[in-house]
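Working notes, beginning with the structure itself.
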């Protein structure tokens, strides 16, 4: 009796699986890089506290904003906008993750301070006029 060679078939299937996985990873990586590099630079920073807008600040002016939150405004975050980038310079939250975050300037980037419920997000005023790359 002739038996089919399962070892060769399994080897081809395994090789084809690897080719498929690597191709999929390449496509996803290229799409991610395209989205990252094609995202526009924002021109406004919107600060929200508990989902309510606290303030809107332009990225083209160098300013420092003290954000006070909490029942007696004991929570404090210091937002600094310099050279078109926004960052949290100082925060009284216990973990300090927001103060360690890199400066943001691209549309859609955010800095979040969960203990103080502060979200700082970059927006572009003309963001709706740019072409959508995902069609």
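Numbering (our numbering), first residue to last: 62 to 196.
By construction, the Cβ of each residue, glycine as well, lies at the ideal position given by its N, Cα and C atoms.
What you are looking at is a predicted structure, and each value in this text was computed from that prediction instead of being measured.
Annotation: the continuous alpha helix (DSSP H) that includes residue 161 extends over 158-161. Counting along the chain, residue 140 sits inside the beta strand (DSSP E) bounded by residues 136-143. Taking 3 residues as the minimum length, the beta strand (DSSP E) runs contained wholly in the stretch 72-144 are 105-110, 113-119, 124-130, 136-143, in order along the chain.
Secondary structure of residue 171 (DSSP, three-state): strand.
Its Cα nearest to that of residue 175, the residue 112 stands out among 112, 90, 86. For residue 148, the uninterrupted beta strand (DSSP E) run begins and ends at 146-152, by DSSP. Three or more beta-carbon pairs separated by less than 8 Å are not found between the stretch 133-140 and the stretch 92-100, which leaves the two stretches without contact. Per DSSP, the unbroken beta strand (DSSP E) holding residue 184 starts and ends at 179-184. Ranked by Cα distance from residue 149, the options 163, 156, 136 are led by 163. The C-beta distance from residue 108 to residue 115 rounds to 4 Å, short enough to meet the 8 Å contact threshold.
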